[in-house]
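Position in the sequence shown counted from 1, then plus 241, gives you my numbering.
Virtual Cβ for every residue (Gly too), placed ideally from N, Cα, C.
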Amino acid sequence: MDNKDNNHKKPNKNTETNKKNKKISRSILEFVIFVVLFFLIWTHVNVVVSNSMYPIMERGDFVLVENAGFEFDLNNVKTGDVVIYDAHWVPELGNYPNQLIVYENYKYGIYPDNGNIRPVIHRIIGNYTDKNGNIYYIIKGDNNQDRDPELVKPEQIKKRALSWNDNLFVIPKVGYLSIFVKENVLLVIFIIGLLFIYEYRKSIFKMFSK
242 MDNKDNNHKK PNKNTETNKK NKKISRSILE FVIFVVLFFL IWTHVNVVVS NSMYPIMERG
302 DFVLVENAGF EFDLNNVKTG DVVIYDAHWV PELGNYPNQL IVYENYKYGI YPDNGNIRPV
362 IHRIIGNYTD KNGNIYYIIK GDNNQDRDPE LVKPEQIKKR ALSWNDNLFV IPKVGYLSIF
422 VKENVLLVIF IIGLLFIYEY RKSIFKMFSK
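So this is what it looks like as structure tokens:
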């Protein structure tokens, strides 16, 4: 009888082990799927941080975008496209142009590639070709009086806003959480730290209360 009982117990242990392994495998798979989906979503949205493109988008909006080189060819960028590009001209970045161009009564800078950059989402309103045949884009925010003071090289364009019948795909106000995190990094780290300490103390308390 004892041998029979022992033989009956072994499958139960194996079953429990298999269940645990399945749970672990499922958790890993769910985590991988989450990371992949998060990456796909995050690389196809842009958070609007100013009102320079009002009224088609406002600060805090999410704009759906496609990525240069993967989903659109930079040679197909045209006047009217809303693009996200690496801007050097933002005053607080402290960059200085290495060349100035006067075109259509506007003064533009051509900046070195190694300067500080900030992503800017504005609209292409024209282009400029220099004497060597190099093409630059003229870009402006719809709500800005002046054009961006930089001639933009094609390789500076990183994303393009998705549109249908000239209407952009905009999700209102969803990006405010991202803006809050960026503008309050230390506060967010502090809150996460408090939550971690709370969970750690709770687990220790449970362990010693058993």
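At the C-beta level, N336 and N355 stay beyond 7 Å of one another. Taking N368 as reference, the option from E345, N385, E307, K263 with the minimal CA-CA separation is E345. Contact annotation: V290 and D302 have beta-carbon atoms that are not nearer than 7 Å.
Between the alpha carbons of E299 and E391 lies a gap of roughly 23 Å. Rounded to whole angstroms, the separation of the alpha carbons of N408 and P332 is 31 Å. Proximity of the stretch 363–379 to the stretch 269–283 falls short of the contact definition, fewer than three beta-carbon pairs being nearer than 8 Å. CA-to-CA, the gap between I445 and E257 works out to about 26 Å.
For G356, there is no enclosing beta strand (DSSP E), since its DSSP letter is neither H nor E.
Look at the stretch 396–451 and you find these whole runs of beta strand (DSSP E), each 3 residues long or longer: 398–402.
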